[in-house]
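In this note's numbering, the protein residues as written are 3 to 409.
No residue lacks a Cβ here, since even glycine has one placed at the ideal position from N, Cα and C.
The model shown is predicted, which means the values in this text are computed figures rather than measured ones.
Below, the structure written as structure tokens:
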């Protein structure tokens, strides 16, 4: 299953080429928009030579079983049980990185991308937390009540963790980072994010699409190659559920959009706004939780990444690179050198399916666990045990420092 299935434009600037890996997983190349006079890129290598079995092949004669999830009766949260991820690749040597391109002249590699070079590559995760299995029932009737017969039913609910997890490789350069890439490449990445949000959001099992990047070993990154991920959840994540509940209450009380009012309030106050462009605003939120935290929101009301215009995507690419550069100057080592900031960046966008979808509004949240050079914020008793957050600083101090180091 390695023949190309689609070649064409993303609907914006670059080129999109889709194929399948040896085990049936989808792979999509996204190419940078060509510069004036630039020669067209050679066609991508599409054949995956690895002798991988079909990922849904029977195991020891039994039908393939996908991951399951269980509902916590105390909170209502769904918890996927992804036991197979215990064996996923962990910090391999550079010459064995599965996200690197194939070495020229090599006939076989265990890398996930069969080409020797690429701009952006997206593929289904080999060790997914969520997976839709063909032929498996994913409807409401697939929920199993595992409650003991001696107790009233509905307490222990179990269901297929039907969804999709994808990896987004930002560059074929193993030593690069998103912050080191130019605006042209970041624009291609935004187009890939938008494409996958639309594609995964259309799947019948998807209720929410979450696009994110874990950057830095302190965050728990298992592969240092520059990459992010996209999850298509079969449920609303707890944070999105809480946000929509707050937004619905605000709308019922005022008739207004909560997230629109939050942005307008930050602009009117101004103390925590660190960057303004034609289409985007970067600010530290009024009740920031993390030692370093900044949000980027479009000036226009936009539900999700596919809704961004060409001008908004171009403007974001330049603005985000400025913010990332500032974050890498936020802390200073004792010798005066900057500290490369570990961070998590995640897009909050309207859910794919929910009657409250129109209450959503796009924004990017970027935050770090670092509270000083060589010092981590540990989520201990109050945060982890009680879910009660305590900040180590103030949003105004974070904003002042970001403004100071913003180029």
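For residue j and residue i, believed in contact at Cβ under 8 Å, the rounded distance
| i | j | result |
| --- | --- | --- |
| residue 106 | residue 49 | That belief does not hold up - the Cβ atoms of residue 106 and residue 49 are roughly 15 Å apart, past 8 Å. |
| residue 138 | residue 203 | Residue 138 to residue 203, Cβ: 20 Å. No contact. |
| residue 205 | residue 234 | 6 Å |
| residue 2 | residue 288 | Since the first residue shown for the chain is 3 and the last is 409, residue 2 is missing from the structure and cannot be characterised. |
| residue 378 | residue 220 | 6 Å |
| residue 286 | residue 397 | 5 Å |
| residue 166 | residue 126 | 7 Å |
Counterpart residues of residue i in DSSP-defined beta bridges
| i | result |
| --- | --- |
| residue 21 | 29 |
| residue 282 | 300 |
| residue 216 | 346 |
| residue 231 | 169 and 214 |
| residue 277 | 284 |
| residue 292 | DSSP, once it has assigned bridges, lists no residue as partnering residue 292. |
| residue 80 | 73 |
| residue 377 | 374 |
| residue 64 | 61 |
Backbone CA spacing between residue i and residue j [nearest angstrom]
| i | j | result |
| --- | --- | --- |
| residue 8 | residue 19 | Note that residue 8 scores a pLDDT of 49, beneath 50, so its modelled location is shaky and nothing firm can be said. |
| residue 358 | residue 266 | 21 Å |
| residue 155 | residue 232 | 35 Å |
| residue 25 | residue 54 | 5 Å |
| residue 172 | residue 236 | 26 Å |
| residue 199 | residue 30 | 14 Å |
| residue 94 | residue 121 | 22 Å |
| residue 242 | residue 347 | 15 Å |
| residue 111 | residue 188 | 28 Å |
| residue 290 | residue 369 | 9 Å |
| residue 4 | residue 22 | A caution first: residue 4 carries a pLDDT of 45, below 50, which makes its placement in the model too unreliable to give a value. |
| residue 103 | residue 51 | 13 Å |
| residue 41 | residue 17 | 14 Å |
| residue 392 | residue 212 | 26 Å |
| residue 6 | residue 130 | Confidence in residue 6 is poor, its pLDDT being 49 and thus under 50, which makes the residue's placement too unreliable to answer from. |
| residue 175 | residue 268 | 38 Å |
| residue 80 | residue 145 | 12 Å |
| residue 75 | residue 375 | 41 Å |
| residue 215 | residue 153 | 42 Å |
| residue 244 | residue 356 | 13 Å |
| residue 33 | residue 190 | 7 Å |
| residue 133 | residue 197 | 19 Å |
| residue 310 | residue 321 | 15 Å |
| residue 35 | residue 201 | 21 Å |
| residue 319 | residue 352 | 21 Å |
| residue 388 | residue 193 | 39 Å |
| residue 182 | residue 70 | 38 Å |
| residue 386 | residue 240 | 15 Å |
| residue 108 | residue 316 | 37 Å |
Residue i and residue j closer than 8 Å at C-beta
| i | j | result |
| --- | --- | --- |
| residue 366 | residue 297 | yes |
| residue 306 | residue 262 | no |
| residue 332 | residue 407 | yes |
| residue 372 | residue 293 | yes |
| residue 163 | residue 82 | yes |
| residue 217 | residue 345 | yes |
| residue 170 | residue 124 | yes |
| residue 160 | residue 72 | yes |
| residue 151 | residue 158 | no |
| residue 140 | residue 207 | yes |
| residue 101 | residue 225 | yes |
| residue 324 | residue 409 | yes |
| residue 278 | residue 400 | no |
**OP:** Return the chain-ordered ranges of every beta strand (DSSP E) run that is complete within the segment 320 to 374 and spans a minimum of 3 residues.
**Re:** 345 to 350, 365 to 370 and 372 to 374
Original post:
Curious, which full-length alpha helix (DSSP H) runs of at least 4 residues does the segment 125 to 150 contain?
Top reply: none
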